[in-house]
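Trainee: Numbering (the numbering used here), first residue to last: 211 to 365.
Glycine is no exception: its CB is placed at the ideal position from the N, C-alpha and C atoms.
Source: prediction; values computed, not measured.
Sharing a structure here in structure tokens format.
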């Protein structure tokens, strides 16, 4: 318990030091002349510009989905195979087959991932696609991106 109060005391001391630093900086700023204030504002705008550039660079990182998909006949169920062509897993994936049947996958690992059509893709009434109708389109959605892939049969 003593360690907990000690860390709380350190956090409080750090906060009070920060408040004191801000107050001193404001007092110094208020006591400066017009040109010194202008210089400080220019430096602050430059720093803000650097932060904004960093945010834009982070936000525009590569969020494209590098995926391929096809369907194949299997037993006991036909399969949709989704191949993750990137070297990192894709998380929190929703797949919509032919605009009607939905499957949710927590993680698509790099490489091929098979999903049983009749077990994993269900519509709003919990019905699976008909086995004799070949799937045509797979829409894959993540938090960051969406891709539509036409499906072809492969063996």
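Would you report the Cα separation of residue 283 and residue 322, rounded to the nearest angstrom?
Mentor: 16 Å
Trainee: Would you grab the beta carbon distance between residue 361 and residue 347 for me? Rounded to a whole angstrom, and I think it's under 8 Å.
Mentor: Indeed, because the Cβ distance is near 6 Å, the residues count as touching under 8 Å.
Trainee: Considering only the alpha carbon of each residue, which of 279, 261 and 266 lies closest to residue 363?
Mentor: 279
Trainee: Which same chain residues end up closer than 7 Å to residue 353 when comparing Cβ atoms and leaving out the 5 residues on each side of it in sequence?
Mentor: 302
Trainee: Look up residue 360 in the DSSP assignment and give the residues it is bridged to.
Mentor: The partner list for residue 360 (beta bridge, DSSP) reads 347.
Trainee: Where do the ends of the beta strand (DSSP E) carrying residue 316 lie?
Mentor: Where residue 316 is concerned, the enclosing beta strand (DSSP E) starts and stops at 311 to 318.
Trainee: If you draw a straight line from the C-alpha of residue 232 to the C-alpha of residue 239, how long is it?
Mentor: 10 Å
Trainee: To the nearest whole angstrom, what separates the beta carbons of residue 327 and residue 345, a pair I think is in contact under 8 Å?
Mentor: 7 Å
Trainee: Going by beta carbon distance, what residues of the same chain come within less than 6 Å of residue 211, once the five residues before and after it are set aside?
Mentor: The predicted position of residue 211 is uncertain, since its pLDDT is 49 and thus under 50; a value taken from the coordinates is nonetheless stated next. So the list is empty, once near-sequence residues are dropped.
Trainee: Give the single residue among 266, 296 and 307 whose Cα lies nearest to the Cα of residue 281.
Mentor: 307
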